[in-house]
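Take a look at the structure below.
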Amino acid sequence: MRKGILLFIFMCISILEALTQDVNYKSQSLYIYLFTKNITWPAQVLKQDFFRIAVYGSSPIMGELQIMATLKKTPSGQHIQVEQISNMADLADFQIVYIPASKSRELKSILDKVKDSPILIVAERGGLAKKGACINFVALENDNLKFEVNKKQLAFHNLKMADALMQKGYVVN
Amino acid sequence: MMKIYRYIFCYLVLVLIPIGVSAQSDTSAIMHADSLTTDSSVLHDNFFDNKTEQRRAMIMAESEEFRQFLLYKLEGLNKHLNKHKEVQIADSLITVLKNKGITYVDTAALFIDTHTYSILDSIKRFEDNFYDTDIEDIDDIKASKCESELHTELNMLTNSSTQVDLSIRNAPSVITVITDAQIKALGARDIMDVLRLVPGFHVALGEAGNLGIGVRGNWANDGKVLLLLDGQEMNDIYSAQLTINKRFPVDFIKRIEVIRGPGSINYGGFAEFAVINIVTYSPGEMNGLSVGYSTGQTSKMHTSDLFKISYGKKWTKAALSVWYYGGIAQQSDANYFGFFPMTEWVNSGAGIGKYASLKGNSDVLPSLSNVLFTYNNFSIRTITDFLNVQDISKISKDGSRPVRVGNKMNFTEMSYKWKISEHFSFTPKLNTVSQYTETNNDELYDESTNFTSRIKIGGVLQYDNSVRSSHMIGSEYFIDYYTQAFDMLSPVNEIKDLNYRNLSAYYQTIQKFPLVNITFGLRYDQNSAYGSSLAPRIGFTRKFAEWHFKVLFNRAFRAPSAGNIAQSYTENYIVNGDTSEILWMERKLKPEKTTVVEFELGRQLTKNVMLTANIFYIHTRNPIVYSLNQSQLMLNIFEQKNRTDAMALPGYRFYTNFDESGSSGLELQFIGRYSWGTFDANYSFNTVAGHKVPMDYKVTTFSYDPENRKTITNWNVLAFPMHSGSLNFTLYLTKKFSFNINSKYFGERYGFTLVQYPDVKDIDGNVILPEKLNIYGVHQKFSSTWVTNLFLGYQGEKGLELGFGVNNTQNRKYEYIQPYFGLNQTLPALSREFFIKAAWHFGGNPHWRGGQK
Chain V
0 MRKGILLFIF MCISILEALT QDVNYKSQSL YIYLFTKNIT WPAQVLKQDF
50 FRIAVYGSSP IMGELQIMAT LKKTPSGQHI QVEQISNMAD LADFQIVYIP
100 ASKSRELKSI LDKVKDSPIL IVAERGGLAK KGACINFVAL ENDNLKFEVN
150 KKQLAFHNLK MADALMQKGY VVN
Chain Z
0 MMKIYRYIFC YLVLVLIPIG VSAQSDTSAI MHADSLTTDS SVLHDNFFDN
50 KTEQRRAMIM AESEEFRQFL LYKLEGLNKH LNKHKEVQIA DSLITVLKNK
100 GITYVDTAAL FIDTHTYSIL DSIKRFEDNF YDTDIEDIDD IKASKCESEL
150 HTELNMLTNS STQVDLSIRN APSVITVITD AQIKALGARD IMDVLRLVPG
200 FHVALGEAGN LGIGVRGNWA NDGKVLLLLD GQEMNDIYSA QLTINKRFPV
250 DFIKRIEVIR GPGSINYGGF AEFAVINIVT YSPGEMNGLS VGYSTGQTSK
300 MHTSDLFKIS YGKKWTKAAL SVWYYGGIAQ QSDANYFGFF PMTEWVNSGA
350 GIGKYASLKG NSDVLPSLSN VLFTYNNFSI RTITDFLNVQ DISKISKDGS
400 RPVRVGNKMN FTEMSYKWKI SEHFSFTPKL NTVSQYTETN NDELYDESTN
450 FTSRIKIGGV LQYDNSVRSS HMIGSEYFID YYTQAFDMLS PVNEIKDLNY
500 RNLSAYYQTI QKFPLVNITF GLRYDQNSAY GSSLAPRIGF TRKFAEWHFK
550 VLFNRAFRAP SAGNIAQSYT ENYIVNGDTS EILWMERKLK PEKTTVVEFE
600 LGRQLTKNVM LTANIFYIHT RNPIVYSLNQ SQLMLNIFEQ KNRTDAMALP
650 GYRFYTNFDE SGSSGLELQF IGRYSWGTFD ANYSFNTVAG HKVPMDYKVT
700 TFSYDPENRK TITNWNVLAF PMHSGSLNFT LYLTKKFSFN INSKYFGERY
750 GFTLVQYPDV KDIDGNVILP EKLNIYGVHQ KFSSTWVTNL FLGYQGEKGL
800 ELGFGVNNTQ NRKYEYIQPY FGLNQTLPAL SREFFIKAAW HFGGNPHWRG
850 GQK
């Protein structure tokens, strides 16, 4: 019985993953670019040559971020570098870590790993900002893309979001 | 610039590696090159037609021929790309391909064919300055890829279901939304033209020629369907009825949201089977002065002259809209039986009634006006609604129909939306309703006026603690004052003046989880006349990309109105010693309580087409039925008390609680939305099989004595078809012209109608029952039929709107049937009617379809 229930839950989650393939990652990549423009990282980060974005695990957003990185630089003139990583040990070298929906369950481990480093944790799945991510995306009823923001986590990671951007999101605490 | 293009394609290649590009490495490239030379889907281009397969495979990536090939491919991908950009991109591509080890033209062709979208998209994004979008402009950025007319419609926000903005697919109700563009294309002149196409909705004949609504096989006119005009309840608060004959125009409507299920949690006692929420244009959307006129003509008569005028203006903080609709319309041009005044039945020798044409004798006179003023978050609205209808069931000897019934109503609402904090909002409201119910030129009720008024105060506190969680607490208190100038039924313990008080409170929460959204609600009402009602609701909904589902459980109730209780009878009575007179009869009604279970599953089949199916089960306890009481006591007493003629009445009508009723069935909707047009097809099945049916609604043979009525079918009830459907197709011929054809299918229906028999003679040839008195009811089966309408519309940018239409193009005989036992003839609908609509918007048409594209 218990196995049956687990199997059912697994099937539901699999179906959910399969059915959410129409996500517009191009829109998410725009938001991530806006994050680079409207969130302040500590000064030492901005002195580096590259502003580095990690995608933890496999996600179609990779391609969109690559295009964005090709076309744009950060306001301080840094080139944007996007990499797909699979090892948590590598996270410390990045300024933004994007967690795809399929890796949501690893959020806690990621948080434990990055501790208070100046890393913006952006989660694809709604509700993760409440669980410790700095930001998560959320689709509104009219299919508009918005984000939820955890102000405490931003402060914990020594990051500051511009008021204009904050007003466009939903603060969860 | 060239560097940028190089970057684009370099990164494109990098990106595409992990998502499954084949033929990237040296080895595989060569292998694929060999194998793919025979793949016509890859290399079908004319560019290589004059080259052999072997020659193609040998073209090297760095050759000029290869460069020419890339230019050729790019031209095919984007014809608007100028030559300069083409060269830049081709050079970038050569570099990219070289870096990735793609050295043969076949493999390069495969790469470009496989990643056409990405290449075009990156070019487009670069050209559109996509990443330069400012924070202020990100509100409309979409979360999903699919963009189509259907997608836009499905993501439209509605709040009729929960008073919270939800998309159609997530709202915990079975909903139909009809937009202004669809209404205009349809050529609708009043709301009845629109509602007839809603699955499960049917129009049937009430008293005195008034038309009302049946929902999913249940007669819903008597307070069981709620109509809201911008949130303002428009039901008659005396009788609770919802008359719709030509009452509501469509010209000011932005959209109509129809909940084909209960809404009692949010709206209380009239929202038992359905809620119709009319959302009109805001002052800003009206934007100026508009006038309109429509008229129609059948082969026998002029059918209508309806006018409208509206003005809307929005300033920085304030806004104003004013509109008026009125005129005259005819319901039918057929022959129709009317009853003479009862006092003339025998004494005058004329009989009990006669047939005469309704041509010019079935007037409906609507007059509806609205004034809305808003200032910041404050709004005040007043609606005045005068509706006067010619009672077609009564006739004078000269064939005219002198009796008129009507309502004069005023609805006023003041509200203030107070945003307390980021998460809290509070909206207090004050409503008043004044209503005069009139009957004129009637032998019994002449010049009688009942006055009813309501004062209601209420408020809704909403707490949205996140985008996935909201809570709402609402409460309202109203007092109905009721003054009856004349008892509508009998002088037995008349109810003259009284007042009802009603206190209600409700709570609703919406929680959105990854796999399901849960809506839970609970409403409690305490009424001084009929006691308490508790109505819970729970709904599970979710959309997953192209799929959505809804599992809904609702309890709803139907609150008896003051007029219902005044005309009720529980069969408890006190009589005098010889039972010749009733000294007291109990007038009381319990609230009717309905349980509705629905399951809906929908799938977006393509980006433009969607299929939705739902099943429903409706069970009602203590249904309030306008029933013919045929107890001997009642007949004896009233015959002795009121009657002098020999034509015995079959009984007296009272509102009475029955034991149970209900229906179950399914509905299918198939819709398509394209830039070139739209289509809607639906099918509806409902049956009362397996449910108890009140005797007044049963399909039986006609007999005054219920004991003698034989059941004809247990599947149907009177008036409503078991199978029905509609087709609605609009073609946008140009941005200005549209053509619509819509057709409604009615399956077999049953009803009672009148038959006049010849003289009955005795064996000696003496007339013992003359034809003029030999009138009796018969049951009748109405065959299935289609009623088809056409409309050609023109919408000009500068302000002119014109339309020409034909209703009932095949001149089919369609009848409005009375959905309860009675001796009224069915009302034939209008025969083939030609009509025109015209409107002018001063200063340009704010709703021009071409302008919205």
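Residue numbers (numbering that gives the first Met the number 0), protein chains in the order written: chain V, 0 to 172; chain Z, 0 to 852. From the three backbone atoms N, C-alpha and C, an ideal C-beta is built for every residue, glycine too.
Residue closest to residue i, alpha-carbon to alpha-carbon, out of the options
i	options	result
residue 151 (chain Z)	Z:159, Z:158, Z:139 and Z:161	Z:139
residue 567 (chain Z)	Z:303, Z:580, Z:551 and Z:584	Z:584
residue 672 (chain Z)	Z:101, Z:665, Z:608 and Z:418	Z:608
residue 466 (chain Z)	V:152, V:145 and V:132	V:145
residue 454 (chain Z)	Z:481, Z:437 and Z:469	Z:481
residue 253 (chain Z)	Z:284, Z:191, Z:226 and Z:738	Z:284
residue 365 (chain Z)	Z:193, Z:391 and Z:323	Z:323
residue 164 (chain V)	Z:162, Z:135 and Z:147	Z:135
residue 684 (chain Z)	Z:421, Z:716 and Z:476	Z:716
residue 208 (chain Z)	Z:245, Z:361, Z:291 and Z:326	Z:361
residue 750 (chain Z)	Z:800, Z:758 and Z:697	Z:697
residue 510 (chain Z)	Z:548, Z:544 and Z:470	Z:470
residue 598 (chain Z)	Z:657, Z:574, Z:537 and Z:587	Z:537
Chain Z within 7 Å of residue i, Cβ atoms only
i	result
residue 71 (chain V)	yes
residue 169 (chain V)	yes
residue 21 (chain V)	yes
residue 160 (chain V)	no
residue 140 (chain V)	yes
residue 96 (chain V)	no
residue 119 (chain V)	no
residue 128 (chain V)	no
CB contact below 7 Å: residue i versus chain V
i	result
residue 143 (chain Z)	yes
residue 236 (chain Z)	no
residue 179 (chain Z)	no
residue 134 (chain Z)	yes
residue 243 (chain Z)	no
residue 164 (chain Z)	yes
residue 174 (chain Z)	no
residue 39 (chain Z)	In this prediction, residue 39 (chain Z) scores a pLDDT of 36, lower than 50, which makes its location untrustworthy; the coordinate-derived value is nonetheless stated afterwards. No, no contact with chain V.
residue 487 (chain Z)	In this prediction, residue 487 (chain Z) has a pLDDT of 47, which is less than 50 and means its spatial position is unreliable; nothing more can be read from the coordinates.
residue 156 (chain Z)	yes
residue 394 (chain Z)	no
residue 23 (chain Z)	Confidence in residue 23 (chain Z) is poor, its pLDDT being 34 and thus under 50, which makes the residue's placement unreliable; the coordinate value appears in the next sentence. Not closer than 7 Å to any Cβ of chain V, the Cβ of residue 23 (chain Z) fails to qualify, so no.
residue 140 (chain Z)	yes
Whether residue i touches residue j by CB criterion (7 Å)
i	j	result
residue 276 (chain Z)	residue 227 (chain Z)	yes
residue 432 (chain Z)	residue 410 (chain Z)	yes
residue 67 (chain V)	residue 32 (chain V)	yes
residue 406 (chain Z)	residue 436 (chain Z)	yes
residue 687 (chain Z)	residue 662 (chain Z)	yes
residue 544 (chain Z)	residue 21 (chain V)	yes
residue 617 (chain Z)	residue 591 (chain Z)	no
residue 693 (chain Z)	residue 728 (chain Z)	no
residue 147 (chain Z)	residue 780 (chain Z)	no
residue 167 (chain V)	residue 39 (chain V)	no
residue 742 (chain Z)	residue 792 (chain Z)	no
Contact list for residue i against chain C, beta-carbon separation under 7 Å
i	result
residue 355 (chain Z)	This model lacks chain C altogether; the protein chains it does include are V and Z.
Beta-bridge pairing of residue i - partner residues as DSSP gives them
i	result
residue 114 (chain Z)	According to DSSP, which records beta bridges pairwise, residue 114 (chain Z) is partnered with nothing at all.
residue 377 (chain Z)	Z:374 and Z:415
For the segment 472–554 of chain Z, list the beta strand (DSSP E) runs that are entirely contained and at least 3 residues long, ordered along the chain. Qualifying beta strand (DSSP E) stretches, in chain order: 496–511, 516–526 and 530–543.
Runs of beta strand (DSSP E) wholly within the segment 743–784 of chain Z (minimum 3 residues, chain order): Taking only runs of at least 3 residues, the beta strand (DSSP E) segments lying wholly in the segment 743–784 of chain Z are 748–755, 766–768 and 774–781.
Alpha helix (DSSP H) runs wholly inside the segment 87–150 of chain V, at least 4 long, in chain order: Annotation note: the segment 87–150 of chain V contains the following uninterrupted alpha helix (DSSP H) runs of length 4 or greater, listed N- to C-terminal: 106–113.
Which ranges would you report for the beta strand (DSSP E) in the segment 131–197 of chain Z if only whole runs of at least 3 residues count? Within the segment 131–197 of chain Z, the complete beta strand (DSSP E) runs of at least 3 residues are 174–178.
Whole alpha helix (DSSP H) elements within the segment 781–808 of chain Z, 4-residue minimum: Within the segment 781–808 of chain Z, no complete alpha helix (DSSP H) run reaches 4 residues.
Which runs of the alpha helix (DSSP H) spanning at least 4 residues fall entirely within the segment 237–320 of chain Z, listed in chain order? Counting only runs of 4 or more, we get 263–266 and 282–285.
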